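Worksheet: the structure to be examined is printed underneath.
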Amino acid sequence: MVATSALADPKDGRSSLVAAAAQCTTIAQAAERLACYDKAVNALLSAEQKREVVVIDRAQVRQTRKALFGLNLPNFGLFGDTTDRNSPDAVTQIETTLTKAEMNGGAWLFILADGARWRQTDDNILGGRPRVGDKVVIRRGALGSFKLSLAGQPAIKVRREN
Numbered sequence: 001m002v003a004t005s006a007l008a009d010p011k012d013g014r015s016s017l018v019a020a021a022a023q024c025t026t027i028a029q030a031a032e033r034l035a036c037y038d039k040a041v042n043a044l045l046s047a048e049q050k051r052e053v054v055v056i057d058r059a060q061v062r063q064t065r066k067a068l069f070g071l072n073l074p075n076f077g078l079f080g081d082t083t084d085r086n087s088p089d090a091v092t093q094i095e096t097t098l099t100k101a102e103m104n105g106g107a108w109l110f111i112l113a114d115g116a117r118w119r120q121t122d123d124n125i126l127g128g129r130p131r132v133g134d135k136v137v138i139r140r141g142a143l144g145s146f147k148l149s150l151a152g153q154p155a156i157k158v159r160r161e162n
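Structure, rendered in structure tokens:
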């Protein structure tokens with residue numbers, strides 16, 4: 001995936017640099033096609049060096065989506081359609097471990113291994129006290145909600161704070 005700033009073609013969202021490289025495929029004569037590719041690749045590498053273009057692979061997209069899981073952010077389309085749960089890159093749940101839990105105002109605050117903070121939003125009671133190192137599974141619920149299951153206990157509703 002290539003993310004660009006001002007270099008996008010407004011018609012299809014494709015980078016003009018990628019479009020230029022793709023255009024080279026239409027050239028029949030080998031020497032001209034090679035010259036076209038050289039020019040297009042050099043322009044792409046130059047833009048990448050100036051940080052006008054960032055090239056990321058599917059694994060990086062998935063890792064970023066996982067890190068942003070639960071945050072209420074606008075969909076800028078940088079990582080594909082984040083609303084499509086059937087996408088191969090869709091993150092519908094995360095599994096991690098608990099590093100800290102504290103009760104505050106009748107609701108639990110959970111701090112996970114990646115530093116994410118999740119606060120309980122319902123008044124369900126956990127079956128057992130949370131312990132550091134407990135397995136945590138958070139999955140998407142209905143209507144933009146999230147459910148957290150701690151050490152195999154029934155899930156409670158949560159929202160991400162950071």
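Note that the UniProt record's numbering has the sequence shown beginning at 1, numbered continuously upward.
For every residue, glycine included, the Cβ atom is placed at its ideal position computed from N, Cα and C.
These numbers come from a predicted model, not from an experiment.
{"Query": "Leu112 vs Asp134 beta-carbon contact at 7 Å", "Result": "no"}
{"Query": "Residue closest to Ala19, alpha-carbon to alpha-carbon, out of Gln120, Tyr37 and Val137", "Result": "Tyr37"}
{"Query": "Close-in-space but distant-in-sequence residues of the same chain around Asn124 (CB under 7 Å, 5 per side omitted)", "Result": "Ile156"}
{"Query": "Among Ile94, Leu34 and Gly105, nearest to Ala116 - alpha-carbon criterion", "Result": "Ile94"}
{"Query": "Residue interval of the beta strand (DSSP E) (run including Asn162)", "Result": "Taken as a continuous stretch (DSSP letters only), Asn162 belongs to no beta strand (DSSP E), as it is neither H nor E."}
{"Query": "Segment limits, alpha helix (DSSP H) that includes Thr64", "Result": "Arg58 to Leu68"}
{"Query": "Cβ neighbours of Phe69 in the same chain (closer than 6 Å, five flanking residues each side left out)", "Result": "Val91 and Ile94"}
{"Query": "Reduced DSSP secondary structure (H/G/I, E/B, other) of Asn42", "Result": "helix"}
{"Query": "Test: Arg51 CB closer than 7 Å to a CB of chain B", "Result": "No chain B is part of this structure, which consists of one protein chain only."}
{"Query": "Rounded straight-line distance, which links the Cα of Leu73 to that of Asp114", "Result": "18 Å"}
{"Query": "DSSP state of Glu32 mapped onto helix, strand, coil", "Result": "helix"}
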